[in-house]
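What follows is a single structure, written as structure tokens, with notes after it.
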Amino acid sequence: MEKTVVEALQSEQLVSVRRRIFRQLIESLIYEGIVRYQAENQGEEAVYSIEGRDETGNRVTYTCSGRRRFTFGRVRLTNRPVMRSVGNVTTEAESLGQFLLETREAIGADENRLVHFIEELEQTLIKDTLAQYHRFQQQQSFEGSGYDDLEGKVMDGHPYHPGYKSRIGFDYIDHYRYGPEFQPDIRSLWLAVRRDATRWAVSRDLDVDAFLLAELGQEQVERFAETVRSQGADPDDYLWVPVHPWQWQNRIVPSFHRELREKRLILLGMSKDVYRPQQSIRTLANFSSPEKAYLKLAMSIVNTSTGRVLAPHTVVNAPAVTDWLKGLVESDPYLKEQKRVVLLGEVMGISYDPPALSDLVQSATYGVLGCIWRESLHSYMDAGEEAVPFNALSVVDLDGRPLIDPWVREYGVEPWLKQLLETSVLPIIHLLYAHGVALESHAQNMVLIHRQGWPSRLALKDFHDGIRFAKNHLADPEKCPNLLATPEYHARVNRNSFIETDDLQLVRDFVLDAFFFINLGELAMFLADHYGYEESRFWSLTRQVIETYQRQFPALQERFRLFDLFVPTIGVEQLTKRRLYPDTELRIHQVENPLYTVATN
-3 MEKTVVEALQ SEQLVSVRRR IFRQLIESLI YEGIVRYQAE NQGEEAVYSI EGRDETGNRV
57 TYTCSGRRRF TFGRVRLTNR PVMRSVGNVT TEAESLGQFL LETREAIGAD ENRLVHFIEE
117 LEQTLIKDTL AQYHRFQQQQ SFEGSGYDDL EGKVMDGHPY HPGYKSRIGF DYIDHYRYGP
177 EFQPDIRSLW LAVRRDATRW AVSRDLDVDA FLLAELGQEQ VERFAETVRS QGADPDDYLW
237 VPVHPWQWQN RIVPSFHREL REKRLILLGM SKDVYRPQQS IRTLANFSSP EKAYLKLAMS
297 IVNTSTGRVL APHTVVNAPA VTDWLKGLVE SDPYLKEQKR VVLLGEVMGI SYDPPALSDL
357 VQSATYGVLG CIWRESLHSY MDAGEEAVPF NALSVVDLDG RPLIDPWVRE YGVEPWLKQL
417 LETSVLPIIH LLYAHGVALE SHAQNMVLIH RQGWPSRLAL KDFHDGIRFA KNHLADPEKC
477 PNLLATPEYH ARVNRNSFIE TDDLQLVRDF VLDAFFFINL GELAMFLADH YGYEESRFWS
537 LTRQVIETYQ RQFPALQERF RLFDLFVPTI GVEQLTKRRL YPDTELRIHQ VENPLYTVAT
597 N
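Each residue of the sequence shown is one higher than the last, beginning at -3 in the numbering used here.
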């Protein structure tokens, strides 16, 4: 393994990854208004210059080329490398850390946060290099891959966030052992946890004993119960929770050794079934029995700048939110019968949540042991249907050919795109307009179900902390469950982590940011770059799909004004600014809305 690591770090894949991180870093610094820069137009492109000082005080200039795109006014750099000039010497910029340190006065960042951000970027460089080198060595192609394989093979990560694969907490051995790109076989560990220190909830119609019997099998159920009895304890006093093997080694044993000694936690053993990680790393898909539930497990790592533990209040809320959303779909003929939308329900959640000794040490145990069981996509698939992660629509294979190329060639780019938009946009905006519920439908939170590439319907997931609403503006507030509020400790750590608000703009922009800005925005630029399909035409077609929907539901006119998707500007989260400045406020900036711009051109 050590030899492979060195070979990867000496490979062309490292150069490609480094250049990608540089592009995304500078794009976000300019786009979010973080850095002082100068732009000189040269035809359709501009040359961006950022000045700084090296360690000896000499003037340093970083230059790159790019342009503003029609899509949300995004800054997109070319594939040409970023150049660094000192005096008369100009070379390619090769150090992300050096760039940020030399330009820190132009950025004005908090120095402690700057150091942490540099680490995230450097770790992203290492981990993505290892993944891309593995892909190159194995010649991994998307061709013929099913949904589960694509969850590992689609390894590009967040297309905007520069720290898209930081995985702080993983070393390179962990990366190989548990990273989805390497499609490892993982067996979860199971613990018995004392009920009196546990917060848990289940979906309305779920029989817990029958569910666990189906998930584990009779032999494992009996073995786990006997293990508890062999420790002199009563199985009825405990709940069973799976734990990621990395989490067991790195967090559970160090943080809960006393609980293990006192048998408040009892190790039951390893799962019989083999799992594989999905793109989100902490969600494991059952490889032995794909129709069984996914396990979303707490992991004490930081990825794309977010801690991946499972906050106890979200774990408990998960089944209630699932029941609520599924109830909305069941009672809505448009969603249930016309769009046939799939909600992958989070049917059970368990969090071991003993009281902390003090706020000073709460981070050691907060949300580090828990699981959310999510329904498998395979249990919803009809004969002849296939599925693809939505973010895979904007990726290319090793030969540079887009994954969607066979479909675009067969059906034509605009007919295929129109069908895709009707399949994906309409369920999401209907939930917003007709019901007042916004979903954080980005990246791996959406799955496109298709028949030989022709979009047919949409599967949505990750609801426990991926919704937003204003209760007074729900279509039926009485159906809204009583959800646990975000505790102050959690709010201090993440100001953006809330699901209820009185601000309707925050509800609307939750959809516009996650789905339109990230998912559709990337696809719009991708189709322009690979097929010459103009971005303005993309957004005109998107607006037409929405306006056709609005004509279909004239009774919702007031709701269309309430959640106006055609406003001139929208609020988008400043993902890089959040890493460089204290998390004391919502970091949001207003950007051009192409759904508005296309109507005024």
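In this text, a Cβ means the ideal position worked out from N, Cα and C, and glycines have one as well.
Self-check item: Pairwise C-alpha distance: Leu561 and Arg260
Solution: Counting from 1 along the sequence shown, the entry for residue 260 is found at position 264. Counting from 1 along the sequence shown, the entry for residue 561 is found at position 565. Going from the Cα of Arg260 to the Cα of Leu561 covers about 51 Å.
Quiz item: Taking DSSP as the reference, what is the three-state secondary structure of Glu218?
Solution: For the purposes of this step, residue 218 is taken as the residue at position 222 of the sequence shown. If DSSP states are grouped into helix, strand and coil, Glu218 belongs with the helices.
Quiz item: Applying the criterion that 16 or more other CB atoms from any shown protein chain within 10 Å of the CB defines a buried residue, is Thr580 buried or exposed?
Solution: Mapped onto the sequence shown, residue 580 falls at position 584. Burial call: exposed.
Quiz prompt | For Lys292 and Arg370, believed in contact at Cβ under 8 Å, the rounded distance | solution = Mapped onto the sequence shown, residue 370 falls at position 374. Mapped onto the sequence shown, residue 292 falls at position 296. Correct: roughly 6 Å between the Cβ atoms.
Quiz item: Which residues share a DSSP beta bridge with Gly345?
Solution: Position 349 of the sequence shown, counted from the start, is the residue given in the question as residue 345. For Gly345, which the question treats as bridged, DSSP gives the partners Ala197, Ile368.
Practice problem: Indicate the three-state DSSP secondary structure (helix, strand or coil) for Ala307 in the structure shown. | Solution: Indexing the sequence shown from 1 puts residue 307 at position 311. Looking at Ala307 - three-state DSSP - the assignment turns out to be coil, as it is neither helix nor strand.
Practice problem: Go ahead and label Met442 buried or exposed: buried means 16 or more other beta carbons lie within 10 angstroms of its beta carbon, across all protein chains shown. | Solution: Taking the first residue of the sequence shown as position 1, residue 442 is located at position 446. Per the 10 Å Cβ criterion, buried.
Quiz prompt | Rounded C-alpha distance that separates Glu406 from Pro385 | solution = Reading the sequence shown from its first residue, position 410 is the one you call residue 406. Reading the sequence shown from its first residue, position 389 is the one you call residue 385. Taking the straight line joining both Cα atoms gives about 20 Å.
Quiz item: How do the region 285 to 302 and the region 366 to 381 stand: do at least 3 beta-carbon pairs fall below 8 Å, yes or no?
Solution: yes
Exercise. Reducing DSSP to helix, strand and coil, say where Ile605 ends up.
Key: Any answer about residue 605 is impossible in this case: the structure gives the chain only from -3 up to 597.
Quiz prompt | Which of helix, strand or coil DSSP assigns to Gln136 | solution = Residue 136 sits at position 140 when you count from the first residue of the sequence shown. Coil.
Quiz prompt | Straight-line Cα distance separating Thr544 from Lys475 | solution = For the purposes of this step, residue 475 is taken as residue 479 along the sequence shown, with counting starting at 1. For the purposes of this step, residue 544 is taken as residue 548 along the sequence shown, with counting starting at 1. Cα-Cα distance, rounded: 29 Å.
Practice problem: May I ask you to list the residues that DSSP assigns as paired with Asn387? | Solution: Mapped onto the sequence shown, residue 387 falls at position 391. Per DSSP, none; premise fails for Asn387.
Quiz item: Going by alpha carbons, who is nearest to His460 out of Ser162, Gly396, Gln94, Ala481?
Solution: Numbered from 1 along the sequence shown, position 464 holds the residue referred to as residue 460. Selected option, being the one with the closest Cα: Ala481.
Practice problem: Enumerate in chain order the residues of its own chain whose CB-to-CB distance from Glu139 is below 8 Å, with the five nearest sequence positions on each side excluded. | Solution: In the sequence shown, the residue the question calls residue 139 occupies position 143. If we look at Glu139 and ignore the five residues flanking it on each side, its Cβ neighbours are Asp393.
Quiz item: How long is the line joining the alpha carbons of Ala316 and Thr99, rounded to whole angstroms?
Solution: Stepping through the sequence shown from its first residue, residue 316 is reached at position 320. Stepping through the sequence shown from its first residue, residue 99 is reached at position 103. Going by the C-alpha atoms only, they are around 48 Å apart.
Quiz item: Considering only residues of the same chain and omitting the five flanking positions on each side of Arg599, which have a CB-CB separation below 6 Å?
Solution: An answer regarding residue 599 cannot be provided, because it is not within the stretch -3 to 597 covered by the chain.
Self-check item: Whole-Å CB distance - Tyr590 paired with Phe66, under 8 Å assumed
Solution: Translated into the one-based positions of the sequence shown, residue 590 becomes position 594. Translated into the one-based positions of the sequence shown, residue 66 becomes position 70. What sits at residue 590 in the sequence shown is Pro, not Tyr. Contact holds; Cβ gap of about 6 Å.
Quiz prompt | In chain order, each beta strand (DSSP E) run of at least 3 residues that lies wholly inside the region 205 to 287 | solution = 234 to 239, 261 to 266, 271 to 273, 279 to 282
Exercise. With a cut-off of 8 Å on the beta carbons, I'd call Leu456 and Leu435 a contact; round off their distance for me.
Key: Within the sequence shown, the letter at position 460 stands for residue 456. Within the sequence shown, the letter at position 439 stands for residue 435. So it is a contact: roughly 6 Å between Cβ atoms.
Exercise. Would you mind giving the Cβ-Cβ distance between Ile164 and Glu107, rounded to the nearest angstrom? I have them listed as a contact below 8 Å.
Key: Here residue 164 refers to the residue found at position 168 of the sequence shown. Here residue 107 refers to the residue found at position 111 of the sequence shown. At roughly 18 Å, the Cβ-Cβ gap does not stay under 8 Å, so Ile164 and Glu107 are not in contact.
Practice problem: May I ask you to report which of helix, strand or coil DSSP gives Phe18? | Solution: By 1-based counting over the sequence shown, the position of residue 18 is 22. In this structure, Phe18 counts as helix in the three-state DSSP scheme.
Practice problem: Select from Gln415, Leu97, Gly228, Pro77 the residue whose C-alpha is nearest the C-alpha of Thr52. | Solution: Within the sequence shown, the letter at position 56 stands for residue 52. Residue Leu97 is the option with its Cα nearest to Thr52.
Practice problem: Check Lys(-1) in the structure and name its three-state DSSP category. | Solution: Stepping through the sequence shown from its first residue, residue -1 is reached at position 3. Residue state, collapsed to three classes: helix.
Quiz item: Can you name the start and end residues of the beta strand (DSSP E) that Met521 belongs to?
Solution: The residue given as residue 521 occupies position 525 in the sequence shown. Careful: Met521 lies outside any beta strand (DSSP E), inside the alpha helix (DSSP H) at 517 to 527.
Quiz item: Which ranges would you report for the beta strand (DSSP E) in the region 33 to 64 if only whole runs of at least 3 residues count?
Solution: 34 to 38, 41 to 49, 55 to 64
Exercise. Taking 7 Å as the cut-off, decide whether the C-beta atoms of Val224 and Ala188 are in contact.
Key: Sequence index remark: in the sequence shown, residue 224 carries index 228 (1-based). Sequence index remark: in the sequence shown, residue 188 carries index 192 (1-based). Contact flag set, yes.
Quiz item: Taking Cβ positions, are Gln334 and Pro176 nearer each other than 7 Å?
Solution: Here residue 334 refers to the residue found at position 338 when the sequence shown is read from its first residue. Here residue 176 refers to the residue found at position 180 when the sequence shown is read from its first residue. Their beta carbons are not under 7 Å apart, which means Gln334 does not touch Pro176 by this criterion.
Quiz prompt | the region 30 to 42 touching the region 63 to 77, judged by at least three CB pairs closer than 8 Å | solution = yes
Quiz item: Just how far apart, CA to CA, sit Thr74 and Phe511?
Solution: Start at 1 with the first residue of the sequence shown, and residue 74 comes out as number 78. Start at 1 with the first residue of the sequence shown, and residue 511 comes out as number 515. Spanning the two alpha carbons is a distance of roughly 24 Å.
Practice problem: Report the option in Leu519, Pro329, Val31 whose CA atom is closest to the CA atom of Leu389. | Solution: Translated into the one-based positions of the sequence shown, residue 389 becomes position 393. Minimum Cα distance to Leu389 is reached at Leu519.
Self-check item: Option nearest Gly408 by Cα separation, candidates Tyr527, His446, Leu502, Ser327
Solution: As a working note, residue 408 is residue 412 in the sequence shown. Out of Tyr527, His446, Leu502, Ser327, Tyr527 has the C-alpha closest to the C-alpha of Gly408.
Quiz item: What separation, rounded to the nearest whole angstrom, lies between the Cα atoms of Asn468 and Tyr577?
Solution: On the sequence shown, residue 468 is found 472 positions in, with the first residue counted as 1. On the sequence shown, residue 577 is found 581 positions in, with the first residue counted as 1. Distance between the alpha carbons of Asn468 and Tyr577: 33 Å.
Quiz item: Got a sec? Which residues, its chain only, sit under 8 Å from Arg539 by beta carbon, not counting five neighbours each side?
Solution: Taking the first residue of the sequence shown as position 1, residue 539 is located at position 543. Closer than 8 Å at Cβ, skipping near neighbours: Phe562, Leu591, Val594, Ala595.
Quiz item: Where DSSP assigns a beta bridge to Glu88, which residues make up the other side?
Solution: On the sequence shown, residue 88 is found 92 positions in, with the first residue counted as 1. In the DSSP output, where bridge partners are listed per residue, Glu88 has Met79.
Quiz item: Helix, strand or coil for Glu474 per DSSP?
Solution: The count along the sequence shown starts at 1 and reaches residue 474 at position 478. If DSSP states are grouped into helix, strand and coil, Glu474 belongs with the helices.
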